[in-house]
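Working notes, beginning with the structure itself.
Chains as they are written, first to last, in our numbering: chain A, 128 to 408; chain B, 59 to 388.
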């Protein structure tokens, strides 16, 4: 193993295992990444993976080169997995694009999105319908993609976190989540936001919840308690609930409240770093 | 998950025929319970017949009552004006269950067929007569805090976990089913689920391959005075420790008719006709409700860890009836 952090100098051939779909997807996304201090992605990848994974990482870098020029076509028909059984052909309309898949009948929508369509925004938390991290919208309704067979949503419209923003504009719920600091680690966030968007539609249609006082009376106005109850299917291990409720309430009610925090500016950051450096001396 | 053949049904009779023909086939509707159990290797069908394209989603008036399509989602059912106006107890029960996402997926037929949440049923390393007949019951002498206090047998102490069905029992619903060859029959909801007895592997009296098409609700005089109370370990998104579907028909403060159905205490929704009889003709008062609650639990046989359910259940009955009757502004 390579224990120091030197950048690798020569690629090695055929030393590591084949890349999984996830790893391939990760590499496809890498060109967009550049870290704060101007370190290039290549240096970053090189240092990180060479330090931790050694020769396997070198192989990754090789593959990365080969993959760098490839861009996925929006309507590509994906071939079936070699080990798949009971193949089913499924046409999904995902975020406006039509995707045709040939899949094992066992594949749930979450895995089809993540592993086949490379839409890794939807997260696998518990994989048994208890955490809400996999929430997506099917025909405008929020559902759990981990308990939905991909085959059963053939022909339906699927919207994931990747499909909420319009070009250049975040979905209002995404913007509100940022404004209210409605997350910490971010793992549950795509599910929280998709769930919240679905919730807004339910409120507009006057749908009731467990804390509705009188279910015979139609109301479209949600209290904070209503939002809490209606979001109970989305668990946040970091406990960002106050921000989540505030974000949803603002988008729902249209009443904007003052932004209580903001991103640090470069000058401030530089000052803090200088101060830290002085302390260290 | 084990491999299975996936097929879409074109009509109810074909669906029933396909499942009847294969003892290891199952219907797939919302999938919220079945897929979870398949991932856990508890359910092992080798064929799924997808019902979700069938047109069994209608909610409509029928002679004096309402028919609810088996494939209408829980969300659509709870929010339908006919249900909210005439059967608010059913709306309350449905939205007490699961989460927004799950209710958008879950169908009424599937909800009736959901399986127990007994941990020993879910854990394939444990004995369970329901999952694997003859292996014994892990819960009988194990951790049985969430288990039954009424109607259990030495073979099985599991509870039926649902909410919607508790309201359907109180409303005396009828389940309309179709079998292979198009054969139709109706099952009164009270006879739909079974007590465990010697055959806990059978949750219901449906034959293999019989398809639920609709749930029919007779006209109800309970719309004004009903309440669904669910008590659980947290405020939302958990199964009931105890639940009560309470409905009253009042005539100037006197109870003309009552329905009391208990959830979370037995292998099926537990309708207490004794408690209902005890309420009939009595004034709608806390005193009457307390007496009825005593009657409802007089045969309770708690296990090692669920003795609390007896007192909790009695208090839940009183509170549900208080809210239903609006006595004391409750």
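Think of the CB as a built atom: it goes at the ideal place given N, C-alpha and C, for glycine as much as any other residue. Here the structure is a predicted model, which is why all the values come from computation and not from measurement.
Cα-Cα separation between residue i and residue j, rounded to whole angstroms
i                      : j                      : result
residue 248 of chain B : residue 235 of chain B : 15 angstroms
residue 368 of chain A : residue 300 of chain A : 15 angstroms
residue 197 of chain B : residue 369 of chain B : 21 angstroms
residue 326 of chain A : residue 295 of chain A : 24 angstroms
residue 245 of chain A : residue 308 of chain A : 27 angstroms
residue 405 of chain A : residue 255 of chain A : 51 angstroms
residue 334 of chain A : residue 192 of chain B : 46 angstroms
residue 177 of chain B : residue 301 of chain B : 19 angstroms
residue 66 of chain B  : residue 315 of chain A : 33 angstroms
residue 93 of chain B  : residue 210 of chain B : 27 angstroms
residue 372 of chain B : residue 351 of chain B : 5 angstroms
residue 259 of chain A : residue 338 of chain B : 45 angstroms
residue 346 of chain B : residue 180 of chain B : 40 angstroms
residue 200 of chain B : residue 206 of chain B : 13 angstroms
residue 331 of chain B : residue 296 of chain B : 27 angstroms
residue 274 of chain A : residue 171 of chain B : 17 angstroms
residue 312 of chain B : residue 340 of chain B : 6 angstroms
residue 240 of chain B : residue 287 of chain A : 40 angstroms
residue 87 of chain B  : residue 289 of chain B : 28 angstroms
residue 62 of chain B  : residue 105 of chain B : 5 angstroms
residue 95 of chain B  : residue 319 of chain B : 27 angstroms
residue 229 of chain B : residue 122 of chain B : 13 angstroms
residue 294 of chain B : residue 219 of chain B : 15 angstroms
residue 275 of chain B : residue 125 of chain B : 6 angstroms
Burial state of residue i, where buried means 16 or more other Cβ atoms lie within 10 Å
i                      : result
residue 267 of chain A : exposed
residue 74 of chain B  : buried
residue 320 of chain A : buried
residue 393 of chain A : exposed
residue 342 of chain A : buried
residue 403 of chain A : exposed
residue 396 of chain A : exposed
residue 246 of chain B : exposed
Best match in the options for proximity to residue i [C-alpha to C-alpha]
i                      : options                    : result
residue 359 of chain A : A/243, A/234, A/213, A/257 : A/257
residue 232 of chain B : B/251, B/207, B/208        : B/251
residue 385 of chain B : B/356, B/353, B/282, B/203 : B/282
residue 322 of chain B : B/238, B/70, B/222, B/353  : B/222
residue 252 of chain A : A/276, A/362, A/225, A/212 : A/362
residue 365 of chain B : B/299, B/136, B/71, B/112  : B/299
residue 305 of chain A : A/288, A/279, A/277, A/386 : A/386
residue 157 of chain B : A/281, A/224, A/271, A/289 : A/271
residue 382 of chain A : A/400, A/399, A/349        : A/349
residue 242 of chain B : B/264, B/253, B/255, B/260 : B/264
residue 130 of chain B : B/375, B/122, B/109, B/145 : B/109
The alpha helix (DSSP H) enclosing residue i, as first and last residue numbers
i                      : result
residue 232 of chain B : Premise fails: residue 232 of chain B lies in the beta strand (DSSP E), 232-236, not in any alpha helix (DSSP H).
residue 383 of chain B : 366-383
residue 220 of chain A : Residue 220 of chain A -> not in any alpha helix (DSSP H); beta strand (DSSP E) instead, spanning 214-221.
residue 159 of chain B : 158-163
residue 299 of chain A : 299-306
residue 143 of chain B : 139-144
residue 344 of chain B : 344-354
residue 356 of chain A : 351-357
Sequence-distant residues of its chain with Cβ nearer than 6 angstroms to residue i (five each side left out)
i                      : result
residue 315 of chain B : 307
residue 303 of chain A : 374, 377, 378
residue 150 of chain B : 286
residue 298 of chain A : 291, 292
residue 390 of chain A : none
residue 184 of chain B : 178, 196
residue 311 of chain A : 365, 367
residue 203 of chain B : 363, 364
N- and C-terminal bounds of the beta strand (DSSP E) containing residue i
i                      : result
residue 125 of chain B : 123-127
residue 379 of chain A : Taken as a continuous stretch (DSSP letters only), residue 379 of chain A belongs to no beta strand (DSSP E), being part of the alpha helix (DSSP H) at 368-380.
residue 301 of chain B : 300-309
residue 262 of chain A : 262-265
residue 85 of chain B  : 83-86
residue 317 of chain A : Where residue 317 of chain A is concerned, there is no enclosing beta strand (DSSP E), although the alpha helix (DSSP H) it sits in stretches over 316-331.
residue 254 of chain A : Premise fails: residue 254 of chain A is in no beta strand (DSSP E) and is neither H nor E.
Neighbourhood of residue i by C-beta distance below 7 angstroms, restricted to the same chain and skipping five residues each side
i                      : result
residue 347 of chain A : 330, 331, 333
residue 338 of chain A : 352, 353, 356
residue 383 of chain B : 283, 306, 308, 342
residue 378 of chain B : 285, 287, 302, 304
residue 349 of chain B : 336
residue 280 of chain A : 219, 236, 265
Cut-off 8 angstroms between Cβ atoms - residues of its own chain near residue i, not counting five sequence neighbours on either side
i                      : result
residue 388 of chain A : 308
residue 134 of chain B : 115, 117
residue 143 of chain B : 281
For this session: Could you list the residues in the stretch 260-281 of chain A with a C-beta less than 7 angstroms from some C-beta on chain D, going in chain order?
Result: Looking at the structure shown, chain D is missing, and the protein chains on hand are A and B.
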